[in-house]
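Quick note, this note's numbering runs 50 ahead of the 1-based positions in the sequence shown.
For reference, the structure is listed below as structure tokens.
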Amino acid sequence: MLAELTRILRRAKFARAIAAGGSSLDELVLGYAEVAQLVDPPAIAPVVLRDPDDDHVLACAIAANADLIVSGDQHLLDLKEYQGIPIVSAAQALARLLER
51 MLAELTRILR RAKFARAIAA GGSSLDELVL GYAEVAQLVD PPAIAPVVLR DPDDDHVLAC
111 AIAANADLIV SGDQHLLDLK EYQGIPIVSA AQALARLLER
């Protein structure tokens, strides 16, 4: 998942935001790695047939007993939930936090 995060954050559309944060991409990813919970995801039956790599996100969420999956991936967002775990956009996740 951290390799996927690195790959996604290398996209040009994120360069300005990362630079504005005052950290390099490597520092940002290492920061996430420090707070990440490492899990051994179980094998799951295929769920996202159009993008099987998305199944890794679902498996990790199950292994971590996640309360929420936050994603910008439309295939995951279309599911709305997986095994009782809501799947929301970053904006929706932020709104949930602000409601508390």
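Virtual Cβ for every residue (Gly too), placed ideally from N, Cα, C.
Expected contact under 8 Å - CB spacing of residue i and residue j to nearest Å
| i | j | result |
| --- | --- | --- |
| Gly122 | Ala140 | 7 Å |
| Asp104 | Leu126 | 5 Å |
| Tyr82 | Leu108 | Their Cβ separation, rounded to whole angstroms, is 19 Å, which puts Tyr82 and Leu108 out of contact at 8 Å. |
Burial state of residue i (16 or more Cβ within 10 Å)
| i | result |
| --- | --- |
| Asp128 | exposed |
| Leu88 | exposed |
Sub-8 Å separation of residue i and residue j beta-carbons
| i | j | result |
| --- | --- | --- |
| Val152 | Thr56 | With the chain represented from 51 up to 150, any question about residue 152 goes unanswered, as that position is not in the structure. |
| Lys130 | Ile119 | no |
Those residues which DSSP pairs with residue i across a bridge
| i | result |
| --- | --- |
| Leu68 | Contrary to the premise, residue 68 reads as Ile rather than Leu in this sequence. Answer is none; Ile68 lacks a bridge partner. |
| Ile119 | Ile137 |
| Tyr132 | Ile135 |
Three or more beta-carbon pairs under 8 Å between the region 109-125 and the region 82-94, yes or no?
-> yes
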